[in-house]
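Line by line, the protein sequences give chains A and B.
Per my numbering, the first sequence starts with residue 1, numbered consecutively.
Per my numbering, the second sequence starts with residue 1, numbered consecutively.
Inspection log for the structure reproduced underneath, given as structure tokens.
2 protein chains.
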Amino acid sequence: MATKGLLMVHTGHGKGKTTAALGLAFRALGHRLPVCIIQFIKGTWKYGELTAAERFGDLLEFHVAGKGFIWKSKDPASDRQAAREGWELARSRIAAGKHHLIILDEFTYALKYGMVDEEEVLAVLRHKPEALHVLITGRDAPPALIELADLVTEMRAVKHPLKAGIKAQKGIEF
Amino acid sequence: MATKGLLMVHTGHGKGKTTAALGLAFRALGHRLPVCIIQFIKGTWKYGELTAAERFGDLLEFHVAGKGFIWKSKDPASDRQAAREGWELARSRIAAGKHHLIILDEFTYALKYGMVDEEEVLAVLRHKPEALHVLITGRDAPPALIELADLVTEMRAVKHPLKAGIKAQKGIEF
């Protein structure tokens with residue numbers, strides 16, 4: 001059996017896409033393997049994971065490309081600019097191949113809304129360094145990305161508490 | 001909208017059930033909220049997540065109830081004993097209500113194989129402390145558990161690299 005860097009996708013409308021990415025990041029960090037996370041949508045630095053991430057110092061590189069949820073945006077041009085800058089950063093980090101794992105969190109939205117060029121993204125992923133693992137999260141992963149990926153998990157919502165009138169809670173949702 | 005401790009289930013045959021649990025644990029730890037993890041099946045302490053977990057010291061309580069994968073076991077009586085001890089520990093920690101989040105990782109197997117009494121488990125979960133979050137992971141969550149849960153995510157395997165002849169890799173699979 002071969003050892004190779006995987007292209008992974010967490011998609012679907014259920015919970016756990018970003019949370020599982022975070023777990024994967026911590027698993028790698030626990031092995032003292034360097035991780036780069038670029039968050040494309042959620043821009044709040046209050047999240048518990050960021051506080052936790054600080055404990056790993058130089059091993060973790062964390063960037064936020066977006067400033068809020070795209071569907072609440074009042075400034076699409078600014079969102080597009082943020083997405084493009086995030087992708088430029090991702091492309092340079094992928095080419096550098098210095099990380100064990102690069103996570104492009106909520107990146108599918110940038111693809112879905114045409115903020116970045118899908119063909120270009122696929123070409124970069126197709127020619128990534130052999131040993132590098134890349135994980136892309138977000139709803140509605142485009143078919144060509146799923147086709148290219150080595151591992152795709154769909155997080156399917158069977159039950160969701162927000163639909164049952166329970167609000168988002170610290171240490172669980174964020 | 002109400003604030004309450006959730007009963008959460010990560011099930012399905014895809015990847016990410018335990019990894020998302022781990023992410024949730026780190027998110028809570030980042031908020032300085034105490035977490036208890038009881039791992040029912042995988043018993044190896046080499047995993048990256050355990051090394052990462054050490055950084056949180058007293059905030060994280062970690063136990064391993066099982067010693068290996070159940071389907072490779074040559075000693076079912078020992079497995080059953082381990083599962084029961086794990087559940088007794090879980091029950092006491094749930095009753096104590098001192099944690100923000102208690103994770104019963106791969107606990108569905110103990111239910112599926114009748115190693116613990118499902119009715120008793122459901123009763124304990126039904127009467128857990130109001131503020132406590134409990135997360136149960138594993139394939140084939142029983143219908144009554146899904147019925148009782150507030151949040152259920154099915155991790156569905158769309159593509160899996162092990163099926164494509166790529167072996168499990170450090171910092172990704174473990």
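The beta carbon of each residue, even a glycine, is placed where N, CA and C say it ideally should be.
DSSP places residue 169/A outside any alpha helix (DSSP H), giving it a letter other than H or E. Residue 128/B does not reach chain A, its nearest Cβ partner there being about 15 Å away, counting only Cβ pairs nearer than 7 Å. Residues of the region 122-152 of chain B that bring their beta carbon within less than 8 Å of a beta carbon in chain A comprise 133, 146, 149, 150, 151, 152, in sequence order. Close to residue 83/B, with beta-carbon spacing below 9 Å, lies no residue of chain A; the smallest spacing is near 23 Å. Along the region 107-118 of chain A, none of the residues has a CB nearer than 9 Å to a CB of chain B. Every alpha helix (DSSP H) of 4 residues or more that sits fully in the region 84-134 of chain A is shown, in chain order, as 107-112, 118-126. Taken atom to atom, the span from the alpha-carbon of residue 84/B to that of residue 116/B is near 6 Å. Around the beta carbon of residue 77/A, fewer than 16 other beta carbons sit within 10 angstroms, so the residue counts as exposed.
Across the structure, residue 79/B and residue 39/B are spaced so that their CA atoms are roughly 13 Å apart. DSSP, reduced to helix, strand and coil, places residue 62/A within a strand of the structure shown.
In this structure residue 98/A is exposed. Its beta-carbon is surrounded by fewer than 16 other beta-carbon atoms within 10 angstroms. Excluding its 5 nearest sequence neighbours in each direction, residue 13/A has C-beta neighbours in its own chain below 8 Å: 139, 155, 156, 157, listed in chain order. DSSP, read as helix, strand or coil, puts residue 7/B in strand. Per DSSP, the continuous beta strand (DSSP E) segment holding residue 157/B begins and ends at 151-159. Taking 8 Å as the threshold, the shortest C-beta distance from residue 26/B to chain A falls below it. Using a C-beta cut-off of 8 Å, the region 128-138 of chain B makes contact with the region 5-12 of chain B, since at least three inter-stretch Cβ pairs fall below that distance. A straight line joining the alpha-carbon of residue 75/A with that of residue 86/A spans about 17 Å. Residue contact check for residue 60/B against chain A: no CB pair falls below 8 Å. Taking the CA atoms as reference points, residue 160/A sits about 30 Å from residue 54/A.
Closer than 8 Å to the CB of residue 104/A there is not a single CB belonging to chain B.
DSSP places residue 38/A within a strand segment (E or B) once states are collapsed to three.
In this structure, residue 23/B places its C-beta atom within 8 Å of the C-beta atom of residue 19/A. Not a single C-beta of chain A is nearer than 8 Å to the C-beta of residue 120/B. Nearest CB-CB separation between residue 91/B and chain A: not below the 8 Å threshold. Judged by beta-carbon spacing, residue 145/A lies within the 8 Å limit of residue 136/A, meaning their Cβ atoms are closer than that value. When the alpha-carbon of residue 100/B is set against those of 31/B, 41/B, 52/B, the nearest one is in 31/B.
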